[in-house]
Structure formats: C-alpha cells, structure tokens
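For reference, the structure is listed below as structure tokens.
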Amino acid sequence: MVCLEPKPGPRAIEDDAFPFEALSDIAEIESWRKEINRPTTHIHKWWAQRLGTVFRALTIGAFAPSGANVFDLFYRSVRIPGGTVFDPFMGSGTTLAETVKLGAKAIGRDINPVAHFLVKCALSVHDRKAILETFRAIERDVADEIRSFYSVTLPDGTRADVLYFFWVKIVDCPSCTARVDLFGSQIFARHAYPKKVPQAQAVCPHCGGINAVHVEDRDAKCSSCKKSFDPNAGPAKGQSATCPSCDHSFPIAKTIRASGKPPEHRLYAKLLLLPDGSKAYHPITDEDRALYAKAERTLAKRKNAYPVVAIEPGYNTNQALGYNYRHWHEMFNARQLLCLSILAERIRDIPDSILRDLFTCLFSGALEFNNMFASYKGEGTGAVRHMFAHHILKPERVPLEANLWGTPKSSGSFSTMFEGRIRRALDYADSPFELLLPSGKGSKTEKVFGLSEKIGAPVAETYRAFAKGERVYLSCGDSGSTDLPDGSVDAVLTDPPFFDNVHYSQLADFFHVWQRHILGENGTRVTDTTRSDREVQNADEGGFTDRLASVWRESHRVLKDGGLLAFTYHHSRPEGWRCVLQALMEAGFGISAVHPIKAEMSVAMPKLQAKEPIDLDIIIVCRKRAALKTHRWNGDLLGTVAPPAQAQAERLRVSGRRLSRNDVRIIVMAQLLRQVSRSPTMESALHLLDTANGETETLIDRIHVVGGGTSKNNTLSAERT
C-alpha cells in the first residue's frame, strides 16, 4: 500500500509528464459504459457526469509529489488518510466517490437538491439484505396491480405481458378538423443496425394493421386491408404536417399552441412478450382501449395521486411550454400516472429513512424512461430512449409507454433498473475496480480489484459532525458560502458548470417534484423548484463570471495555502475561457498546469449535432497567486504558448487519438490561460487574452493542419466489455 500525505511543494499533477494520453485511453473505455464501469455515481440521471478514471488520477496527482509516476500509482493501493477534498459542484458525486475509494475525507456541496439527494443515496452505508427484502416486499405488495395494466389476452385465450405501448400525437386539421397523426414515417420500429437487420415494422395508415416491411421500402401492401402505402412517408414532415383528408398543410407547433392544451395521443400498437419468451408486434384492440379507460377511471378516484406543479419558463423548458405542457404531470399519460402513484405510495410507507431515500431515488430514476417524452430506440439496443436525450424537454411525436414494473426483457422499468442500477452499485461499492487496457489485439479489458476502499460511509449533515470523525460531509446550497473553517481542506477538485444554455435546475425539477411528493416538503425540498438565483450555470457572461468567482473565492478561503484547486473544463467560444480566467483571478488563483484529458462519452447527442465536436476536457490546476511568480509579457506570449500546446496535441495523436479543430482549440486556450494568469494584474491578463485572438486562431489552425486533425480515429484495440 502507498500512503500519500498532504505536504507543501509541487505535485505530480503539475508535472508536464502527467500521463494524460494513457489515462485518456482508460477513460475512453470507461465512457463506453459509464453506468457499468462506475455504477455508484450512475444510480440516477445527472447531466455532464464525469469519468471516474479522470478523477481518480486527478486526486492521486493532487497529493503525490512532483516526479511521482501517476500511471503507476493509478494501479496501486493508494491511500490518502490525512487528506480532505472539497467538491463545491459535486453533481453526481464522481469526485467524492473517488476520494472515498482512496481513503481520504470528502466534502461535497451542490446548489441543486436533486444532486445532493442522489449523492447522499450513492455514498451512504447500505444494508444489502435490507434492500433486497424491501424490494421483495414492494414487489409483493404492488407489482401484480401495476402489471395488470400491462397484460392482454391473446387470440388463443392465453395472457401476455405488454413490454411497450406505442402512441402517436394527433392534431386537428385547422382546415377540415380531421384528426391528423403526426407520423413522420409509418415505420415505427426498426433495428438499431438497419443495414445488418433491415426488417422494420410499419403501421398501415388506412386500417391500423401492423406490417413487417424492409426499412427502405417505398411501397407496401397492408396484410390486413390489402391497401398500398409508403412506409417511409407520413403526414408530418419537418415542422409542418399535411392532412390526409383535405391535403391542407399547417405548422405543427403553431396549431398545437392555438389549441390551448397539450396535444392528445392515439394508441396504435404494442410489443408483447409471449409465453414462450419471444416478442411480437400487435395492433391495438378494443381490450387495450378498455384497459386504458379503466386506468383513467382508477386514477380519477385516487387522492393526491401525483404532484401538481407548474413548469417555469426557461431555455430548457420553453419547447415543452410551447406545446402547452404547463405542469410536470402532463408529461405522463393516465396509466403512467396511476402506476407511478401506486408505486410512490408504497415507497412512502417504507419506515427506514435510508431505505426510503434509496427506493425514491430508484423511482425517480425510472421517471425519465416512463413518460410521454420518451421514445423507441428499436431492436438490438436498450429499447427506450429517455426524455433527456436532447438536453431539452423536446415533445416526442411518437412516444413510447413502457411497462413501469417491467419484465426481465424490459428496458427502463422499475424492476430492471433495480437490478441494473441498485444491485450493480451495491456490488461496486463493496468491491470497486479499475479498468486495465487490453494487453494485445483481441484481448479484453480487465477489471483490477483490490485497489480501493469500499464506498459507503455515514454522511455528516454539518461540518461539526464531520470534524468529529465522519468521512463524508454533504450539504445543499450556494458553494459561495459554506460553514467550512479557513484552511480546512487540502484540495478542491471539481467540475464546474459550463457557460452555456443547459440549465440543470430547469431539467432537474422534473425529478424534484416527484421526490418531494414522496419524501415531503421539508429540508432541501421546501420549495417546488430547484432553481436558484445563485446558480453558477448561466447563459449571461457577467452572471456566470460573478457566481463562479464567488465559489472560487470561498474555495480560496477554505483551501490550505499549499493546496491545489483543480477542475475540468472545456469551451468552444472565447468568452467561455475569458469568464473562467476572470473568475479565477478575482478569487486570487493562478494556473500552474493544464492537461488535456478524455471528456465524457463522445457520442452524446449534443456532441453528434456539433460541427466540430469536443472530445477533450482540460484539467486546469491552480494555486493561490501568492505562491506563484508573476510575469510581464513583452510580445513573446504566443511563442511561449505554442511549444507546450503543440507537444500536448502531438502526444495525443501519437497515442492514436483524433483531434478536431475544437479539441486543438481547447489545448491552445488552456495553455494561453496558464500563461496570462501569471500577469501582475487581472486587467493586464484579460487584455492579453482579448488581444491574442487573431494569433490564437492562427496557432490553432497550424497545429490542427500540421497534425492532420481529421486523420485516423482512436485506434484502441480494446473490446467493449
């Protein structure tokens, strides 16, 4: 075992030789299946969940002395028994989980109650036996009732479970008032890899029959009514729809807004799990419609069945509001609300608070897959596309209703998520592992056990309790103001929100209202929204800078004089970097080192939509400015920035990593910030940054072109495990 102690002096993470390219390769593998490779911090949805590999290395590097081999230490039993780490933007708790694994004390704070709640659930001590017994008790009490609303009769009289019901939004034609299905295509189910498996399912626009078609068919004959139709066409195209009855074209969103109510839906198909274990697509029957009507009647009789909370306007909620969704419960259909109500009521009755919290967390996690904003991904993959795939609340024209309790072959259900999230997290907490790169072509990624301490500790709710010996202290509130004493932490390690439009609180309210519905309107859940005027995340440059500076000032106060502030960041726009520099210098920090590192999963939908996707984060390492030498620049700034930026880009390319122009940009911008942060004043640093823009673009182009930025892709030989 290797023990690291908090000591003054240069640290390994400040070395130019910090092994970011090797660590990026490990992080790449983790990113493929984050929920499997770091399940503890993935028991619930959170945005921008960072990679545990990166923060394990970051934590080791912040405590290991300069010259230490961080890559070697990564696979050693490292302990930091005297260290205290503070994360003021704890999010899903990645920093804290890695800190606990390394034997250090962890302090986490987040302004969002949902983040605080999920991290508390993830890091608490859990009784596996009690958890399994509680799940079985819930199953015994409510599973059959919930499943009864997803059970149908087959033509031969036997019963079958419904895996998924398929719905389509309908709009009244403004011209003839005929009801128009908002299908963009009559194909509603296809394989995730259609070139390999080209068979698809299409609904007949004439009679509603379900037909097996080729995914590229333009002409098909319905097996039920024998009429012809184009499987790849539908009434909706782009932002408009054309009425099949009168051929009138109309704007979809405007027509829905004019109705003054959320759009209605029509049930048109179902996917059954047959008694022999096979699956089959069937059309909707009168029995299906009667079953849904029964759910509507049953829901109407229940008191306080679901939270009734208005959706507040905002960048991430305006699209839903534009479709007349005014309350969070309107994102669910009646059967979903009924079954959620039954399950929520049962969870509320769990007497033990830790168990009640954990099952509320599981329930809350299931919400993102069980609503009318979710959609069907198709065969050959996890079937349900969750509602946050676009980082906005985008109304889904062909939503998918999943079986809430689920079957062993379900996706996104309460029972399968218990197995896939809670059980997996318990296993990892008891026996954490790190990923080891394959030793040769064709070999598989290995899991290295025995390096870390177990995850799970009593969670202190005040610093006083923490100071008496607890290992984890979590709080909810503005990280610009804490109860931590001066100089009480050895390192501040975090991942601050980006300067952009994705406001976590606007999306987190979707979960918050249900958590509050089950657990009560107290503590961190006094109000019905997680929004706060003190959120750092802000689309306004001035507001973002001021609030981030406030948190950095507080971090400066609680950090020991020889300690480090290190965080991950990236941004494609100059103002995003200017804000960070200004906030750091206002708080009294300068930058001692910067390193590129693999960012979160590069195939996330917002990245796919970007013209120049960013696959890297930058680790920005800071010290108090009093400990750093200042420097006056006399025209040699870019000449100082170019060599380390070129060297870092080349190291990544040699390792086989493809760099986009924006990847090169963040490497250059980080090196630029590192240098100008040594300026005598903040004003001079900002002036240098602002006036370097033209030369910076030239340098970015040179490094990108010289390296053949769009050449080979990542050539890791690892197989996904």
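Numbering of the sequence shown is given in this note's numbering, commencing with residue 301 and proceeding in unit increments.
Ideal Cβ placement from N, Cα and C applies to all residues, glycine included.
On a predicted model such as this, the values are computed, not experimentally measured, just so you know.
Express the C-alpha separation of Thr827 and Ala443 in angstroms, rounding to a whole number.
Spanning the two alpha carbons is a distance of roughly 32 angstroms.
Expected contact under 8 angstroms - CB spacing of Pro306 and Gly383 to nearest Å
Contact flag correct, Cβ pair sits at about 5 angstroms.
What's the C-alpha gap between Cys476 and Arg965?
Looking at the two C-alpha atoms, the distance is approximately 54 angstroms.
Are the stretch 920 to 928 and the stretch 886 to 898 in contact at 8 angstroms, needing three or more beta carbon pairs?
Touching, yes.
Neighbourhood of Ala520 by C-beta distance below 8 angstroms, restricted to the same chain and skipping five residues each side:
In the same chain as Ala520, and ignoring 5 residues on each side of it, the C-beta atoms closer than 8 angstroms to its own belong to Ala502, Asn511, Val513, Ser528, Phe529, Asp530 and Pro531, in chain order.
Where does the unbroken alpha helix (DSSP H) through Ala634 begin, and where does it stop?
Looking at the DSSP string, the run of the alpha helix (DSSP H) that includes Ala634 is Ala634 to Arg648.
4 or more residues per run - each alpha helix (DSSP H) lying fully within the stretch 800 to 857
You should have 804 to 819.
Given Met631, which residues of its chain have a CB within under 7 angstroms of its CB, disregarding the five upstream and five downstream residues?
Within the same chain, Cβ atoms closer than 7 angstroms to the Cβ of Met631 are found at Tyr625, Asn671, Met672 and Phe673, the five residues on either side in sequence being excluded.
Would you mind stating whether Leu807 and Trp332 have Cβ atoms separated by less than 8 angstroms?
Not in contact: Leu807 and Trp332 (Cβ atoms no closer than 8 angstroms).
Please return the same chain residues whose Cβ sits closer than 8 angstroms to the Cβ of Gly509, not counting the five positions on each side in sequence.
Cβ neighbours of Gly509 beyond the five flanking positions: Val503, Cys522, Ser523, Ser524, Cys525 and Pro583.
Quick one: using the 10 Å Cβ neighbour count with 16 as the cut-off for buried, is Val1006 buried or exposed?
When all chains shown are included, Val1006 counts as exposed.
On the criterion of 16 or more Cβ atoms from any shown chain inside 10 Å, does Asn962 qualify as buried, or is it exposed?
With 16 or more Cβ atoms within 10 Å of its Cβ, Asn962 is classed as buried.
N- and C-terminal bounds of the beta strand (DSSP E) containing Val452
Judged by DSSP secondary structure, Val452 falls within the beta strand (DSSP E) whose first and last residues are Ser451 to Thr453.
According to DSSP, residues forming a beta bridge with Phe465
In the DSSP output, where bridge partners are listed per residue, Phe465 has Lys570 and Glu701.
Selection from Arg816, Gly391 and Thr399 that minimises the alpha carbon distance to His416
Nearest C-alpha to His416 among Arg816, Gly391 and Thr399: Gly391.
Is the distance from the Cβ of Arg642 to the Cβ of Glu445 below 8 angstroms?
The sequence shown places Ile at residue 642, not Arg. Ile642 places its beta carbon less than 8 angstroms from that of Glu445.
Opening and closing residue of the alpha helix (DSSP H) in which Asp730 lies:
From DSSP, the alpha helix (DSSP H) with Asp730 extends over Arg724 to Asp730.
What's the C-alpha gap between Val414 and Asp936?
Take the alpha-carbon of Val414 and the one of Asp936: they are about 47 angstroms apart.
Can we say the stretch 350 to 364 touches the stretch 854 to 862, given the rule of at least three CB pairs closer than 8 angstroms?
With a cut-off of 8 angstroms, the stretch 854 to 862 and the stretch 350 to 364 do not count as touching, because too few Cβ pairs lie within range.
What's the call for Asp316, buried or exposed, on a 16-neighbour Cβ count within 10 Å?
That one is exposed.
Can Leu567 and Arg589 be called in contact, C-beta distance under 8 angstroms?
By the CB criterion at 8 angstroms, Leu567 and Arg589 fall inside the cutoff.
Exposed or buried, which one is Ser549 when buried takes at least 16 other CB atoms within 10 Å?
Looking at its Cβ environment, which holds fewer than 16 other Cβ atoms inside 10 Å, Ser549 is exposed.
Buried versus exposed call for Glu398 [16 or more other C-beta atoms within 10 Å across all chains shown]:
Label assigned to Glu398: buried.
Beta-carbon proximity of Pro339 to Ala725, cut-off 8 angstroms:
A contact, by the Cβ cut-off of 8 angstroms.
Here's the rule I'm using: 16 or more other beta-carbon atoms within 10 Å means buried, otherwise exposed. How should Thr981 be labelled?
Looking at its Cβ environment, which holds fewer than 16 other Cβ atoms inside 10 Å, Thr981 is exposed.
So, with DSSP's three-state summary, where would you put Tyr592?
Correct three-state label for Tyr592: helix.
Given His342, which residues of its chain have a CB within under 8 angstroms of its CB, disregarding the five upstream and five downstream residues?
So the qualifying residues of the chain are Lys334, Glu335, Gln349, Ser392, Arg721 and Ala725.
Are three or more beta carbon pairs between the stretch 751 to 763 and the stretch 365 to 372 nearer than 8 angstroms?
Counting Cβ pairs under 8 angstroms, fewer than three are found: no touch.
Does DSSP put Glu734 in a helix, in a strand, or in coil?
Here Glu734 sits in strand by DSSP.
Expressed to the nearest angstrom, what Euclidean distance is found between the alpha-carbon atoms of Leu667 and Ala947?
Looking at the two C-alpha atoms, the distance is approximately 46 angstroms.
Could you check if Phe749 is buried or exposed, using at least 16 other CB atoms within 10 Å of its CB as the buried criterion?
Its Cβ having fewer than 16 others within 10 Å, Phe749 is exposed.
For Arg685, the residue or residues it bridges with in DSSP:
Beta-bridge partners assigned by DSSP to Arg685: Ser675.
Buried or exposed: where does Tyr623 fall if 16 or more other Cβ atoms within 10 Å of its Cβ makes it buried?
For Tyr623, the number of other beta carbons within 10 angstroms of its own is at least 16, and it is reported as buried.
For Tyr763, the three-state DSSP class (helix, strand or coil)
Three-state result, Tyr763: helix.
Cβ neighbour criterion (16 or more within 10 Å) applied to Gly780:
With a threshold of 16 other beta carbon atoms within 10 Å, Gly780 meets it and is buried.
Minimum C-alpha distance to Glu330 - residue among Lys754, Pro474, Ala899 and Val684
Residue Ala899 holds the alpha-carbon nearest to the alpha-carbon of Glu330 among Lys754, Pro474, Ala899 and Val684.
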